[in-house]
Structures are given as structure tokens and as C-alpha cells.
Amino acid sequence: MKEVFSMSYATCDIFEPFADRNYNPALQKLSDDGKFPYISQGTEYFEIVRDFVDVWLKNAGVAASDMHARAFYTGCQNASTGQKYVLPSHSSKSMSDLLSSIIFAVTAYHELVGHVVDYTLLPSRSGFRLTKSDPSEIDLQSFLISNVITASTSTPMPMLMSDFSNFFGAGGAPDWEKGVWASFKEKLEVQSKKVQNEDAQRPAGLEFKYFDPKRFECSVSV
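Mapping of the sequence shown onto our numbering: position 142 corresponds to residue 145, and the numbering continues sequentially without gaps.
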């Protein structure tokens, strides 16, 4: 298990901007032909997020690069040390890429990989420890721990495409936040319809609904 976690850390590229990644030519061609929505729709959504972050940081002014912002970036950069993708030196672009990657991970990517119940429903599927008597199943304690994690991650979070009227532009926050968020939501509406239209053209059973912004929650629950 330790070897698995060590390998996952060393090969991690979670901070690499999704839209800037290079893919196997065959996979890229499938994406270009509209047959691999994981790449095409993921890239489209990431660019929408990055545009939103760019506008937000521009409106934020000096707060986007003050000592607190830089400390945040440095902390993430240190955390990426030893991984496949290490965050570059701080700049306005690298800060935008970092924030966009975080938003992408907790919304779109989590919608894709967050279905833990599929893996923990039965002791014969997946877990943290195998029994010596029957290596095809996990033990009772491990099964219970897995399901505690499953139950806690099932707690619903607010949907991303909400107004958040008690947050943006509220409590002394600048009024421009509401306009930037409204513009972001409009682009997500357009993207959601695009994803749904593409899905409608696919054969039954081959739909890819995971990158529809209407399905995204605004955060992970743990």
C-alpha cells in the first residue's frame, strides 16, 4: 500500500493545467473527432474556468499578488515538489493556472472520480487491506472504514451554478464579484447545453455526462 501511495505521489500531475496537457496522438485525434469528450469537454470547461479566474484576479488588483496570495502559492509549490508536475515560479499566469486547476479538480474532476460507492459497495471490490485467509476480499474493519469514507463523501455540496447571493458582493465584498460570477455562470449554461447536445448524438450507453457543468458541486465534502 505504501508503494502504491508513493507511486501515486511521484506520478501526480494534478496541478498541471488540464487544457495545456499533451496526449498520445491517437487519443488527441479521437478528441478532435469528438469521440473522446474527457479531453475535448474537459479542455473547454478548463478554459472557461481560466477565463473566469483571469478576470477575477484582474479585478482583485494588488490582493491577487500580496503576501498572503504569494504564501498560498508557495505552499502549493512546495507540496508539488517531487511530483511529476512541479509548479513553476510565481507569476500572474502561474497563479491563474494554479487556481484554475484547483477549481477544475474539485468540480469537474471530482464529478468524474468521486463515485467511491462503486468501489466500496462490496468487500470483494476494493479496499485498503486484504485478508490472509481470502485475498479476494478485504477484512471487516477495512470494509467499515471504506464505507465511512464513502458515507462522508456522499454529503451533498451546493451546486456550482448557484447564485451564492449571500457570498459574492456581500458582507463588504466588492460589488464587481457579482458581475464576474454572473458572466461565469452564463458561460457554464452555454457549455452545459453543448455537452448535452453532444451526448444526445451518441449511441445509448455511450453517453459522457460527467463534464456537464450542471452536475458540478462547488466543492468536495471532505
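Note that beta-carbon positions come from the ideal geometry of N, C-alpha and C, so glycine has one too. This structure is a prediction, so every number in the text was calculated from the model and none was measured.
Checklist line | In chain order, each alpha helix (DSSP H) run of at least 4 residues that lies wholly inside the stretch 175-217 | finding: 179-203
Margin query: Can you give me the C-alpha to C-alpha distance between Ser129 and Pro177, rounded to a whole angstrom?
Written below: The count along the sequence shown starts at 1 and reaches residue 129 at position 126. The count along the sequence shown starts at 1 and reaches residue 177 at position 174. So the two alpha carbons sit approximately 47 Å from each other.
Notebook entry, point to check: Which word fits Val193, buried or exposed, when buried means at least 16 other C-beta atoms lie within 10 angstroms of its C-beta?
Noted result: Start at 1 with the first residue of the sequence shown, and residue 193 comes out as number 190. Exposed: under 16 other Cβ atoms inside 10 Å.
Item checked: Segment contact, 8 Å Cβ cut-off, at least three pairs: the stretch 11-19 with the stretch 81-95 -> yes
Check: Going along the chain, which residues of its own chain have a beta-carbon closer than 8 Å to the beta-carbon of Lys96, five neighbours each way excluded?
Finding: Taking the sequence shown and counting its residues from 1, one reaches residue 96 at position 93. Same-chain partners within the cutoff: there are none.
Checklist line | Beta-carbon separation (whole angstroms), Val109 vs Val223, contact threshold 8 Å | finding: Counting from one through the sequence shown, the residue named residue 109 turns up at place 106. Counting from one through the sequence shown, the residue named residue 223 turns up at place 220. Going by Cβ atoms, the distance from Val109 to Val223 rounds to 5 Å, so yes, they are a contact pair.
Notebook entry, point to check: Can you name the residues that DSSP bridges to Ile141?
Noted result: Taking the sequence shown and counting its residues from 1, one reaches residue 141 at position 138. DSSP output for Ile141 lists Leu133 as bridge partner(s).
Note to self: Going by DSSP in three states, Met162 sits in which element: helix, strand or coil?
What the structure shows: In the sequence shown, counting from the first residue as 1, residue 162 sits at position 159. It is a strand residue.
Checklist line | Cβ-based neighbour list, Ser83, same chain, cut-off 6 Å, excluding 5 preceding and 5 following | finding: On the sequence shown, residue 83 is found 80 positions in, with the first residue counted as 1. Here the set comprises Phe18, Val89, Leu90.
Check: If you follow the alpha helix (DSSP H) that Val56 is part of, which residue opens it and which one closes it?
Finding: Position 53 of the sequence shown, counted from the first residue, corresponds to residue 56. 40-63 is the span of the alpha helix (DSSP H), which, as asked, contains Val56.
Next item on the list: Could you give the DSSP three-state label for Glu114: helix, strand or coil?
Entry: Here residue 114 refers to the residue found at position 111 when the sequence shown is read from its first residue. Correct three-state label for Glu114: helix.
Check: Is it buried or exposed for Phe8, if we count other Cβ within 10 angstroms and need 16 for buried?
Finding: On the sequence shown, residue 8 is found 5 positions in, with the first residue counted as 1. By the neighbour-count rule (16 or more Cβ atoms within 10 Å), Phe8 is not buried but exposed.
Check: Hey, would you say Ile42 sits closer than 8 Å to Leu60, going by beta carbons?
Finding: Walking along the sequence shown from the start, residue 42 turns up at place 39. Walking along the sequence shown from the start, residue 60 turns up at place 57. Not closer than 8 Å, so no.
Check: Are three or more beta carbon pairs between the stretch 135-148 and the stretch 158-169 nearer than 8 Å?
Finding: no
Next item on the list: Would you check if there are 3 or more beta carbon pairs closer than 8 Å linking the stretch 43-60 to the stretch 181-199?
Entry: yes
Checklist line | With 16 other Cβ atoms within 10 Å as the buried cut-off, status of Met44 | finding: Counted from its first residue, the sequence shown places residue 44 at position 41. According to the sequence shown, residue 44 is Gln rather than Met. Gln44 is buried by the Cβ-count criterion.
Check: Among all the DSSP beta bridges, which residues are the ones paired with Glu220?
Finding: Residue 220 sits at position 217 when you count from the first residue of the sequence shown. Answer is Met162.
Check: Within 10 angstroms of its Cβ, does Ser92 collect 16 or more other Cβ (buried), or is it exposed?
Finding: In the sequence shown, the residue the question calls residue 92 occupies position 89. Exposed.
Notebook entry, point to check: For Ile148, which three-state DSSP category applies?
Noted result: Residue mapping note: residue 148 aligns to position 145 of the sequence shown, counting from 1. In this structure, Ile148 counts as helix in the three-state DSSP scheme.
Notebook entry, point to check: Could you give the distance in angstroms between the alpha-carbon of Ser165 and the alpha-carbon of Tyr122?
Noted result: Indexing the sequence shown from 1 puts residue 165 at position 162. Indexing the sequence shown from 1 puts residue 122 at position 119. Spanning the two alpha carbons is a distance of roughly 30 Å.
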